[in-house]
Ligand code: ANZ
């Protein structure tokens, strides 16, 4: 007969599924619900192997919950604004729109064959005006609340892409994540979202996700927010009216502050330099220029030789009235704390290096003991600052206190004198959301002739992007939209005044920060999403995607979720209850890329092996969190397994056993094996042990094959029962093969909606047991008895044993202890 033919099977079922649309989620359903979401793709070309993996795992979970009787929402959309479309447009002269939507069409076609169980009725593309209109709505809501604002500031500037970058888009080596160019600083007026207002909640709420998100991701988020507790201390600067605040985590060391350091690129440094001697001013200018060539990362490298200039000013230490010199140095960052520090060289290594280089005084105020119990050597001579805990000295009222007490006392003293207070600082900066590029959401703000701003009316949304035709999309530091003069100028019908549209577009992370909500109301043109549906479906039960989004995307989504909660649209504050980060697909240990020439093409793998074999291979390769090396896996092996599984159903079909017959009389051993699989699979899937589930399916297929060929035969009800269990569980990984098996077993499509058979635990009980019989502490016999044996039956069987009777002989039985079904213990005299 015909064998397993994946192409024929794909062609058989695709049109049936197209017709059935089995995965459209039902908003009205009363069933328990699960929202399973995969991070949506960027349409940069066809799908790649990374997509294959990510969407395979997300789909396993979506299909699993459906099989467990849940109403599952598993939508798909495209993150379709962004630079690659624009760069392709510039390079090849194509319209970004055309490029984007052609790629989306290609990815849709590939998805159709790959067959993740998406609800295709809710598709969204962020570059559709129907979508980005609601980005604009969100922006206006935030503007109204003071959470969107504009300010001039130093920004990260990518000189190749000619665009600003968020801090998160600058790599550790100071280059742009996008272009690879060395990022420089540039002062520009930009739009920001006030994420720093949410720093505490974003940090504290991570605790709720413990155990449900990878620990690594939680820690990355924590470090990114970077909360530091300490104090703000105000220093008077001679000849300056306003006091200068500094942030310190060690207010206890105030008596050891022997100089002050200001960030060269801060407003304060510029002001102080302006009042300095002409020579100091010139030195400062040169130093500032040098500083601006450094990346933030370089500046934070503690090992670097210290540099700096004296600013020709003195500050006054608020606790002891001491005059201390004010310097500028690049190790102090302008946008952390207050951009100025009190330097305590004895107890901070960077300050010590600076003090030793410029011959500034070092004063020990904490007596820190070494392991031998002796005071550590004087930092001024050892060159090593003593940062640990110790007893305060040379510090007036703090003398004799330990670090923690001294910190508390110092804050008390500062507060009493009105020169300082407890304070918290964060590494997190406000989110810079404006981009001087074309292919994004226009910012819905109008600018008046005198610089005043006004929001576009909500009912005038969307502010649609003008056609790209005639616009120079090449990056140049100002948005191409500014040149779309007809689009940009808006005449107020009431006053006749002309207003100009803001030419900037939004960071695409705005688009992806709330897209999960749009899926709930993808076709609703009256609101961004229906709060009622958000109550029903939200928050997302299972989110799946790459660890490259561990910080940015997840942090921004969490932030916007909290904002929408505060605005009264959501009743939850964390968007993603559980997170699965899949590993990467590698080849020979290396990341795949076109430029390296080691690209495994998804399209050709799909063509040559089919969706099922690809998906089984990805799931079987190892724990989903681990990287998969394509050189180490066998797609052929997966195909062979699928053929073996399929033949089990084929044999059942040929044996002519009718559907719906009771399994009760079936082969016991096989039934037990089947039910053990049914009992274990749910826990394994929920713990993301997909590879183990596939291994168990392989085992089940082998055991069933044996039963067919050299056991009970294909007509036995236990074989059908096993084949059905295999089809249902296999449908998580290999939807086509499973569907075909399901049909061969006489069922209607689709196996994807079939409920999982529940495990009959009574079948799992060991049905025969070995009972030990002891006489006076010695084992005299081992009896095989039914597991359900009673105490009386056990004792009778023990007494009847020939071996036992021989051991007792003429002696008298004085005591019998029965512990069913394990042991009978007889004592004699
Ligand atoms: C005095 C002091 C004494 C400090 C001491 C440390 C140890 P984290 O923990 O990262 O928050 N600092 C403050 N603002 C800074 C800026 N803009 N650029 C560079 N450094 C800055 O670090 C807080 C400490 O970093 C602050 O506490 C300050 O130095 C420095 F024994 O103040 B400390």
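Residue numbers (our numbering): 257 to 1085.
Just so it is clear, CB atoms sit at the ideal spot from N, CA and C, and this is done for glycine as well.
- Beta-bridge analysis with DSSP links residue 762 to 690.
- One thing to note: residue 693 has its Cβ within 8 Å of the Cβ of residue 419.
- Per DSSP, residue 472 is one residue of the alpha helix (DSSP H) stretching across 471–481.
- Our two residues, residue 832 and residue 707, have alpha carbons roughly 41 Å apart in a direct line.
- Where residue 387 is concerned, there is no enclosing beta strand (DSSP E), although the alpha helix (DSSP H) around it starts and stops at 385–400.
- If only complete runs of 3 or more residues are kept, the segment 648–702 shows the beta strand (DSSP E) at 676–682, in order along the chain.
- Pairing residue 287 with residue 327 gives a Cβ-Cβ distance under 8 Å.
- Distance from the CA of residue 1055 to the CA of residue 1032, rounded to the nearest whole angstrom, comes to 14 Å.
- Taking a C-beta distance under 8 Å as the contact criterion, residue 567 and residue 610 do not qualify as a contact pair.
- For residue 771, the closest of 741, 864, 599 and 337 by C-alpha to C-alpha distance is 337.
- For residue 939, the uninterrupted alpha helix (DSSP H) run begins and ends at 924–942, by DSSP.
- Between the beta-carbon of residue 508 and that of residue 632 there is about 17 Å, and that puts the pair past the 8 Å contact cut.
- A Cβ-Cβ contact shorter than 8 Å links residue 877 with residue 947.
- In this structure, residue 931 has its CB at a distance of at least 7 Å from all heavy atoms of the ligand ANZ.
- For residue 872, there is no enclosing beta strand (DSSP E); the enclosing alpha helix (DSSP H) covers residues 858–876.
- Less than 8 Å divides the Cβ of residue 838 from the Cβ of residue 310.
- The three-state reading of DSSP puts residue 1083 in strand, counting E and B together.
- The C-beta separation of residue 970 from residue 908 comes to about 6 Å, placing the pair in contact by the 8 Å criterion.
- Within the same chain, Cβ atoms closer than 6 Å to the Cβ of residue 426 are found at 412 and 439, the five residues on either side in sequence being excluded.
- Residue 625 carries a strand assignment under DSSP once its states are collapsed to helix, strand and coil.
- By the Cβ criterion, the segment 717–724 is in contact with the segment 389–404, since at least three pairs of Cβ atoms, one from each stretch, lie closer than 8 Å.
- Annotation for residue 503 indicates a beta carbon within 7 Å of some heavy atom of the ligand ANZ.
- Residue 902 has no beta-bridge partner at all, per DSSP.
- As DSSP reads the structure, residue 798 sits in a beta bridge with 292.
- When secondary structure is reduced to three states using DSSP, residue 326 falls in the coil class, being assigned neither helix nor strand.
- With the rule of 3 Cβ pairs closer than 8 Å, the segment 509–516 counts as touching the segment 577–587.
- Remark: C-beta atoms of residue 1074 and residue 1047 approach each other more closely than 8 Å.
- Under the three-state reduction of DSSP output, residue 619 falls in the coil class, being neither helix nor strand.
- For the segment 787–860, the full-length alpha helix (DSSP H) segments reaching 4 residues or more read 787–793 and 808–822 along the chain.
- Beyond the five residues adjoining it in sequence on each side, residue 815 comes within less than 8 Å, by CB distance, of 449, 451, 454, 458, 687 and 769 in the same chain, given in chain order.
- Taking the Cα positions, residue 429 is about 18 Å away from residue 546.
- A check of alpha carbon separations from residue 834 across 780, 499 and 474 identifies 474 as the nearest.
- In this structure, the ligand ANZ has a non-hydrogen atom nearer than 7 Å to the beta-carbon of residue 506.
- The ligand ANZ has no heavy atom closer than 7 Å to the beta-carbon of residue 676.
- In this structure, residue 492 and residue 499 form a Cβ contact; the two beta carbons are roughly 5 Å apart against a cut-off of 8 Å.
- Fewer than three Cβ pairs drawn from the segment 978–985 and the segment 285–304 lie within less than 8 Å of each other, which leaves the two stretches out of contact.
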